[in-house]
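Okay, structure first, notes after.
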Amino acid sequence: MPRPAVTAEVVAPPGPGLASPLVTIHSEHPFADPEPERDPVRRLRGRLGGAVTLWTTGAGADRAGLTMSSVLVAHGDPAHVLGLVDPVSELATAVEATGTAVVQLLGWEHRDLADVFAGVAPAPGGAFRLGTWHDTAWGPVLDGVAGWAGIRLEADPAEVGWSLLLQGVVEHVEIGPDTEPLVHRRGRYVRPA
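Residues in the sequence shown are numbered from 1 upward in steps of one, following UniProt numbering.
Right, dumping it as structure tokens:
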């Protein structure tokens with residue numbers, strides 16, 4: 001079970017003889033909307049959870065990547081991978097230019113890397129300086145992932161809600177060692193139950 005966020009609140013300014021203000025500790029998130037104001041669709045999506053993938057494209061200085069969990073694999077002939085991406089992300093722009101992407105499955109050990117590609121953690125020198133990568137016809141692949149697919153965009157990205165829907169035909173798949181998957185649920189990484 002995930003630990004609740006812990007926040008501190010100043011309840012009194014420092015008084016005479018006190019070096020610092022008094023604080024209290026709370027278990028709720030300091031920036032969460034009050035319960036009645038929370039978006040029910042967002043809450044539903046958060047409870048679905050999903051495996052964390054890393055989508056990458058490009059080569060050299062033109063590489064781009066984004067952590068995504070709104071992903072669906074549709075088996076068929078040909079198979080497809082669908083993903084919802086932030087329309088203003090570097091990945092959205094880069095995939096439209098290249099027409100290809102790599103969809104890779106991240107493991108529990110990749111959670112720091114996932115945060116970097118999600119834009120919530122720093123990466124001095126750039127995100128692709130983390131880990132070891134090899135280039136493919138579809139984009140860069142992180143060494144040691146549980147599996148990856150090389151896809152080619154089948155259609156122009158379509159607006160779906162506040163996202164862009166990327167629809168790719170699977171051209172190549174490699175399955176690596178089965179590792180503990182990285183799962184995102186209710187705003188945090190969790191280990192599968």
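In this text, a Cβ means the ideal position worked out from N, Cα and C, and glycines have one as well.
Residue i versus the options, residue with shortest Cα-Cα distance
i, options, result
"HIS75", "PRO140, ARG191, PRO124, GLU171", "GLU171"
"THR179", "PHE117, GLU28, GLY144, LEU165", "GLY144"
"PRO140", "TRP55, LEU82, PRO78", "TRP55"
"VAL95", "ALA59, ARG42, PRO78, GLY176", "ALA59"
"ALA79", "VAL120, TYR189, THR132, ALA149", "ALA149"
"GLY46", "SER27, HIS134, SER70", "SER70"
"ASP86", "LEU105, VAL103, LEU66", "LEU66"
"LEU166", "ALA61, ASP135, VAL73, PRO122", "VAL73"
"PRO157", "ASP39, ALA123, ARG111, ALA97", "ALA97"
Span separating the alpha-carbon of residue i from that of residue j
i, j, result
"VAL183", "GLU174", "20 Å"
"VAL41", "SER163", "14 Å"
"TYR189", "PRO181", "10 Å"
"ASP115", "GLY49", "16 Å"
"VAL88", "ALA118", "13 Å"
"ASP135", "THR53", "17 Å"
"ASP62", "PHE128", "11 Å"
"SER27", "GLN104", "35 Å"
"PRO36", "GLY187", "18 Å"
"ALA121", "ASP112", "8 Å"
"LEU84", "MET68", "8 Å"
"HIS110", "ALA193", "18 Å"
"ASP39", "ILE25", "26 Å"
Outcome for residue i when other beta-carbon atoms lying within 10 angstroms are tallied against a minimum of 16
i, result
"GLY126", "exposed"
"GLY161", "exposed"
"LEU44", "exposed"
"MET1", "Legend: pLDDT at MET1 = 46, less than 50; position of this residue unreliable, no value from coordinates given."
Residue i and residue j closer than 8 Å at C-beta
i, j, result
"THR57", "ALA64", "yes"
"GLU159", "GLY168", "no"
"ARG191", "TRP108", "yes"
"GLY176", "GLY131", "no"
"THR93", "ILE151", "no"
"VAL102", "TRP138", "yes"
Which residues DSSP lists as bridging residue i, in chain order
i, result
"THR57", "ALA64"
"ASP135", "PRO140"
"TRP148", "GLN104, GLU174"
"VAL41", "Beta-bridge pairing links VAL41 to no other residue."
"VAL120", "DSSP lists no partner for VAL120."
"ALA51", "VAL183"
"ALA114", "In the DSSP output, where bridge partners are listed per residue, ALA114 has none listed."
"GLU159", "LEU164"
"HIS80", "ALA74, VAL169"
"VAL190", "VAL183"
"VAL95", "The partner list for VAL95 (beta bridge, DSSP) is empty, contrary to what the question assumes."
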